[in-house]
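Protein chains: 4
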Amino acid sequence: MKTLIKGGKVVNADGSRMADVLLDGEHIAKVAESLDTPADRVIDASGKLVIPGGIDVHTHFDLPFGGTVSSDNFDTGQKAAAFGGTTCHIDFAIQISGRPLKEAIDLWHQKADGKATIDYGFHLAITEMNDSVMNELATLPDLGVTSLKLFMAYKNVFMVDDETLFRTMMAARDIGLLTCVHAENGDVIDVLVAQLLAEGKTDPVYHGKSRPHWAEAEATGRAAAFAAISGAPLYVVHLTCASALDQVRMARAKGVKVAAETCPQYLFTTEEDLARPNFEGAKYVCSPPVRTEADQAALWGGLTDGNLACVSTDHCSFNFKDQKELGRDDFTKIPNGLPGIEDRMMVLYHYGVTGSKLSPERWVELCATNPAKIFGLYPRKGTIAEGADGDVVVWDPAKEHTISAKTHHMNVDYNLFEGLKVKGVPSIVFSAGRLLVEDGEFKGETGAGRFIKRDLIHDVV
Amino acid sequence: MKTLIKGGKVVNADGSRMADVLLDGEHIAKVAESLDTPADRVIDASGKLVIPGGIDVHTHFDLPFGGTVSSDNFDTGQKAAAFGGTTCHIDFAIQISGRPLKEAIDLWHQKADGKATIDYGFHLAITEMNDSVMNELATLPDLGVTSLKLFMAYKNVFMVDDETLFRTMMAARDIGLLTCVHAENGDVIDVLVAQLLAEGKTDPVYHGKSRPHWAEAEATGRAAAFAAISGAPLYVVHLTCASALDQVRMARAKGVKVAAETCPQYLFTTEEDLARPNFEGAKYVCSPPVRTEADQAALWGGLTDGNLACVSTDHCSFNFKDQKELGRDDFTKIPNGLPGIEDRMMVLYHYGVTGSKLSPERWVELCATNPAKIFGLYPRKGTIAEGADGDVVVWDPAKEHTISAKTHHMNVDYNLFEGLKVKGVPSIVFSAGRLLVEDGEFKGETGAGRFIKRDLIHDVV
Amino acid sequence: MKTLIKGGKVVNADGSRMADVLLDGEHIAKVAESLDTPADRVIDASGKLVIPGGIDVHTHFDLPFGGTVSSDNFDTGQKAAAFGGTTCHIDFAIQISGRPLKEAIDLWHQKADGKATIDYGFHLAITEMNDSVMNELATLPDLGVTSLKLFMAYKNVFMVDDETLFRTMMAARDIGLLTCVHAENGDVIDVLVAQLLAEGKTDPVYHGKSRPHWAEAEATGRAAAFAAISGAPLYVVHLTCASALDQVRMARAKGVKVAAETCPQYLFTTEEDLARPNFEGAKYVCSPPVRTEADQAALWGGLTDGNLACVSTDHCSFNFKDQKELGRDDFTKIPNGLPGIEDRMMVLYHYGVTGSKLSPERWVELCATNPAKIFGLYPRKGTIAEGADGDVVVWDPAKEHTISAKTHHMNVDYNLFEGLKVKGVPSIVFSAGRLLVEDGEFKGETGAGRFIKRDLIHDVV
Amino acid sequence: MKTLIKGGKVVNADGSRMADVLLDGEHIAKVAESLDTPADRVIDASGKLVIPGGIDVHTHFDLPFGGTVSSDNFDTGQKAAAFGGTTCHIDFAIQISGRPLKEAIDLWHQKADGKATIDYGFHLAITEMNDSVMNELATLPDLGVTSLKLFMAYKNVFMVDDETLFRTMMAARDIGLLTCVHAENGDVIDVLVAQLLAEGKTDPVYHGKSRPHWAEAEATGRAAAFAAISGAPLYVVHLTCASALDQVRMARAKGVKVAAETCPQYLFTTEEDLARPNFEGAKYVCSPPVRTEADQAALWGGLTDGNLACVSTDHCSFNFKDQKELGRDDFTKIPNGLPGIEDRMMVLYHYGVTGSKLSPERWVELCATNPAKIFGLYPRKGTIAEGADGDVVVWDPAKEHTISAKTHHMNVDYNLFEGLKVKGVPSIVFSAGRLLVEDGEFKGETGAGRFIKRDLIHDVV
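Structure below.
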């Protein structure tokens, strides 16, 4: 099967040019001006952008959490991703406490097998480090898993102490694994939570109060210090605020190998959303919590100056009804997590590129190229180049679309951007050379998505 | 007993003026131009500065540490202080692990009773927090103790976890106690120490390597975050480096109540001293370790812009012979600590004021006024003002003196500033109106020094 | 005439205590607990604060500007000041272009003579530097004028070039004069203004657009660099924004002698006020312009961490009717300036102290002590101390007052804080020992205010 | 002519891989594993790196300056470049004061014509802006010149005032030209120079004293502010110090389009070199001057965190004998400028990559890819990719070489790195597919170098 995409503007992180793109089998076979190779299908991309498929490096499909399970699984979540122009994601396999890591990877394979429509990888989230697990780390690359995640929050559940985090980073450095951290101070948060609950403060808005930006900033600085001392590369997931960004910026200015991502919820919603009446605030409950407009402004500075390398989603959807509602009487019982995998590239294009804050090239870099580079997928993914995987999106920069839970494809009963009319949407989406979505119709094949073994990682961008 | 000091320039933190000072009994009775009150003694202070006696808020006299005891006790240490123009200090009473705090205070009173020649107070260093100790905190003000110290380093010895530190700060805030922290990450340091020893790296220079500035910077930022979240005031002891100062500066710029001190060793010696041959480096072993010239430059910036509030000594002397030598084969066995209480005001005057980096007023502020203000001693001490304690130093800005272990009064066999010729020395020193030192002779009375109950503390400068 | 103020809490910058204050003639004769000296009048200050009179170092009374004259003169302006608890101000004598500086000082004396009710001093604003003026600088101290102001904006009117500013600072340093700067880039502003007018953008909101914060930040950084290079002290008037504050902070962190003030308009109003409909925005037109909420937050950080040393007003009132209205068709014709001298201490107390952002001591420091220290008036003014001028305010921290143009004493037809109910107001105000205001009634004597010769200035706080 | 480079590791800014590279005519025809295309020559690159040829965007060949002419012309300078692995440079055509820009470009073409051995472009340095020149700017792209340079120093010679700089940036933005600035405050420098000379301070070391880092920092911040206000992209040439880098970093963190370069002299020499005895300091005289070790450390942080985008040379060589010596009695008469085009890539590789401060990919990015991207040459140059120009260097990472004026190819009688043994040197160099240098022998053809018309520039990296 050969597909020739003609007349579009190919947008890569390092530049744009008018060029035709030939997909042949699973790969991009040719990128050149005025290609006339015979093809099974020729697509007219005039006036369109041709971009590498989006990569979302932070998702939680089919995740048991707080007595319920996140509402998108590998079937619904990946299809929603495809509708949004995202053709690859990395999900977090969560270690079953104290058990071998391999079991988590096996379990996550079971979750994905037969359901996948796009390519995917796994991070390994450590929930209990011990000597046996430390020894097992070296076996992960063979399983295609080259990134870990450790939690500095969720005390007595996932949280690791500083010695464990530091020793794990040193081991990861030697093996070629990238350490990701959830950077919030779990000790402080627990004290604050207890105090708020004791005062009868149970509304969703107190979720935000219980997790002040200082708790994130210090943990971010702490992890960055560990990266500095160990020489290990570090990736800070879901960075939300000016003060944490300052810590990243200071560390990078001293040559520390630290990269960070933010997520759409931190760019476009605020703590005022957490205070919405009628328990609507619960729709915005995630950790770290959404912050302020001043934080949003700071994050945009990070997106342009390079201190924020990626925009991912932390997609972990829970229905408002029956799921978010579990916390009606106690904000700590609201499942933490938000939907977003379908919206990510559109809202970032709309506010960023249409809104003149980001060049199209930087948008591609944040959504696809840097995620691929950082997580051992580049240049197989994240760029329109010969030999790369045929993950290609024809993007219509002029088309408008109104985001709504009524029409989105995520398996969740609300949308953070309900009613937002965005300009700039995916028209046609290919995964590994196969047509996946066209004109709002799913054309892919369930089960065709592939697990991708990722390369070793020794540095960040 | 009345003493009239005539013709000098009175230097306070808030300004200088030509004025005469009358001491009457324990207090300053009058400060005015051309005083002609009859007095038992009249001192000609022409060409001299008349300053409030120095206050050193960080000393460790008679401290058991690492199988030995610090070589200066309340007798030798206070006399040395007096020779250097310091007439008050605050020593750290160390909780006997898990025991009531009162026992430590009692013990420290025993150490001081009968030996004291200058006034003094106690901080309470917490080594093991528990519910009983938490409850005991509220009793400290009645004992005259209004500052705590907690350790973020020395794991399994003094180190407290984040929950303990945070909860203690909240309690301290409510009571009116100031929380001091030793800010270094104990977890990371222990891992590094073990690694260095395993590699056979046992020289003093590795003491510095085992305690990188990043470990201090992150702990400083962490404690500052706790101050921000709790609203409790915080005092960072012995800050050594640019990166930790950055953390203090960022927090203060956001309105956090955090003050910090540095010490002469961090202003005037570097890691190159730790690398001196023939085990001489051991003479410079203290924690956090001495750093680099770039750090020194940053600290001077902090002294002038106000982000460093005090210069104290962390005086904890050990003889090179028999004491420092305990670590000849293993740097971890070198007792941590340096002498300095006698030299502090002279070296800071010499490099700072004579060297045109500090005004005389700022020097007084750093050495006496801010220490008094922050630690609940002001305006009783730290200023030349009517009603204040008669702790007064006649300082000769023109006189030169060569610092040397041969002539110093500290009970230790070396001096960090051996051979340094300083310009600017104390001529006459009064404590509570009593003559203490004159022309290099001790004139005081052993046992006359007083324990000072300090005021509650709710903020920092 | 002796007045004894009993039972109040004396609040100075360096601490508060319960004490009685005896005024005798023009001075404070005694400050002590339980004074029972006979007095002509005894005031019960129970429950009140007793503070040094406010000092506003930035006023423009009787100032010709843009074809009109500022509406408050030394009579109305000083009386309004007194009602607000301010008992001293420094007005800007403006050099008549190219003429000897002495002429400006003479002219300003004429403006004040016979009208003054409180004490005052003059800065000298340079509008055209030349060799003759440069030579005249050394004569200023004898005239009691020890501070200059130079403009980096208002091209072709007041603006000086970099060589002139730098050379003036070097001369000022040698003489003992403090250089104040209006820090905005006049070149850029003029280009923007021309562009906006050419586009027909004439509303008040474009006043703000024509003077971006970057233009202030760079000029602030430039002046600070000149201070660094020359070693001259620098005072930045009316600092408005986070980016300019960053420049001050960076310079101070490197030991540069730079201090800065902000004004109430920058703490409590924003560019949204400039956009008020019906030309109401003109009421907020001053230069630099009012900014954003994020800038306000940053300024509060500067007030607490010490990088902002003073809060002054830049009081330069113009009536909305007939004066501000001159610019109905062209924002450049709106007279620049706002009223505030009466409100300053109340709004800062209300939002700051009542609002828990500032301690009462810091409020006094910002409003009186630092202004006195920086501008050569301390310890004569700015503190409640024996020998100081009898400028004393009995402040009622519990009393509420609604600010309104209907009731204020400034000669201007609107108030920036119209309708604001503040908590904390002056009850009784003394100037040089004379009763000035009591219970909202003016009790002073027109003409009794004195011109104060100020001391030489070599440094800033 | 086809050349096949086999077995090497292709290092691009975005990643490295083992691959063969086929040059065909002027271009890179193929990059792939295990290429077996027939070729005229096959090169064994085992153990070698294959990198894009270096691009030096800051050179001054054949430049009249201070009564003499820089000693390297387009013949000697380009050949020296080639020996160092640099295959493209951009020289500054200097406007003849007040004359049409076209004349400068014509003149620079004359300098290069017939001499060139590598490709090159021109910037246009404005020395006198007027309306006619402003109108001429729009014609530059057709001449292949898409970057300007303006001087904030060299008063009365090259320096432009702020209005001119700002208006030029606005015009440049509209046309698609990148504005480069020499950022030092010319006013201040002239005052300091006059003062030093008046004091009889004429040695080379005073060159440094006359140009303090603050003068560079403020000008850098000023230009960045203009970029922020205008939205124009900015490129700061030869940034030297921590304080200027701070200004760049702060601006970028707020989304300003500013990039900066540093040069080897600022990374590897200091003001102590300026103080070398026997007038040897003159060998290090360039503007801005070389700084301190602390500045060097800061610059390395900028190279790793991305705030410094390029390393160029500012190559402007003058012989010590007869040229530098012109200033024996007066440092202002020492021709400003240093040699370096031959050494740049080697010293940066040696200290950076061999010294573990930079990855090989980042080294390529700093020396070739970013220069190409920023200056409108990418992807034609700056990357090993199909279709790109055949500017390719086979780099031997293991080979050692001792740098010396005795053996270098620059036409200058000294070398900044005399005696330095570097590890990592170019083995074989191709320009546009032609062999240029091999095993230390020049194999190219004089006159074969091409002037490259560059693309419009709207942003920086």
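Protein chains in written order, with this note's numbering: chain D, 113 to 573; chain A, 113 to 573; chain F, 113 to 573; chain C, 113 to 573. Don't be surprised by glycine CBs; every beta carbon is placed ideally from N, CA and C.
- If you check the CB distance, I446 (chain C) and G452 (chain C) do not come in under 8 Å.
- Put simply, of D:K518, D:P538 and D:A500 the residue whose alpha carbon is nearest the alpha carbon of G137 (chain D) is D:A500.
- Of F:T199, F:T444 and F:D417, the smallest CA-CA separation from P401 (chain F) is found for F:T444.
- In terms of Cβ geometry, I564 (chain D) and V534 (chain D) do not form a close pair [threshold 8 Å].
- Of all residues in the segment 339 to 366 of chain C, the ones placed with a Cβ closer than 8 Å to any Cβ belonging to chain F are A340, I341, S355, D358, Q359, M362 and K366, in chain order.
- Among the residues of chain A, those whose CB is under 8 Å from the CB of N297 (chain D) are D274, R334 and A337, following chain order.
- Listed in chain order, the non-local C-beta contacts of H570 (chain C) below 6 Å within the same chain comprise G288, local neighbours out to five positions each way being set aside.
- As for any beta strand (DSSP E) of minimum length 3 sitting wholly inside the segment 471 to 556 of chain D, the runs are 504 to 514, 533 to 543 and 546 to 550, ordered along the chain.
- Residue-level contact by beta carbon holds for P491 (chain A) and chain F, with a gap shorter than 8 Å.
- M522 (chain C) and A344 (chain F) have their C-alpha atoms some 45 Å from each other.
- For Y232 (chain D), the enclosing beta strand (DSSP E) stretches over residues D231 to A237.
- Chain order gives no chain C residues near P400 (chain F), where near means a beta carbon separation below 9 Å; the closest approach is about 14 Å.
- In the displayed model, H139 (chain D) falls within a strand according to three-state DSSP.
- By the neighbour-count criterion, in which 16 or more other beta carbons inside 10 Å mark a residue as buried, M130 (chain C) falls on the exposed side.
- Closer than 9 Å at the C-beta level to chain C, one finds these residues of the segment 400 to 424 of chain D: A409, A410, W412, G413, G414, L415, T416, D417, G418 and N419.
- Spatial neighbours of L161 (chain A) in its own chain (CB-CB distance under 7 Å, excluding positions within 5 residues in sequence) are listed in chain order as G120, K121, V123, P472, W507 and P509.
- K114 (chain D) is positioned such that its CB atom lies no closer than 8 Å to that of E498 (chain D).
- For the C-beta of K485 (chain F), the chain A residues within less than 8 Å are, from N- to C-terminus, D126 and G127.
- Within the segment 319 to 407 of chain C, the runs of beta strand (DSSP E) at least 3 residues long that lie entirely inside it are, in chain order, 346 to 348 and 370 to 374.
- Straight-line spacing of the CA atoms in D551 (chain A) and N185 (chain A) works out to 24 Å.
- Counting along the chain, no alpha helix (DSSP H) covers A205 (chain C); the unbroken beta strand (DSSP E) around it starts and ends at T198 to I206.
- Chain order gives the chain F residues near D571 (chain A) as S471, where near means a beta carbon separation below 8 Å.
- Between F391 (chain F) and K313 (chain F), the alpha-carbon positions lie close to 13 Å from each other.
- In this structure the segment 188 to 202 of chain D touches the segment 154 to 168 of chain D; the number of beta carbon pairs closer than 8 Å is three or more.
- Against chain C, the CB of R279 (chain F) has a partner CB under 8 Å away; the residue lies at that interface.
- Contact check between the segment 405 to 417 of chain C and the segment 333 to 342 of chain C: fewer than three CB pairs, one atom from each, fall below 8 Å, which does not count as touching.
- Using a Cβ-Cβ distance cut-off of 8 Å, the segment 295 to 311 of chain A and the segment 264 to 275 of chain A are in contact, since at least three pairs of beta carbons, one from each stretch, lie closer than that value.
- With respect to V293 (chain A), L346 (chain A) sits close: the two C-beta atoms are nearer than 8 Å.
- In summary, the residues of the segment 364 to 394 of chain C whose CB is separated from some CB of chain F by less than 9 Å are K366 and V368, in the order they occur in the chain.
- When DSSP states are grouped into helix, strand and coil, R440 (chain F) belongs to the coil group.
- E454 (chain F) is outside the set of residues whose beta carbon lies under 8 Å from a beta carbon in chain C.
- Linking A517 (chain A) to V459 (chain A) through their CA atoms gives a straight-line distance of about 15 Å.
- L236 (chain F) sits away from A284 (chain F), with the two beta carbons spaced by 8 Å or more.
- In the structure shown, P164 (chain A) adopts extended strand secondary structure according to DSSP, grouped into three states.
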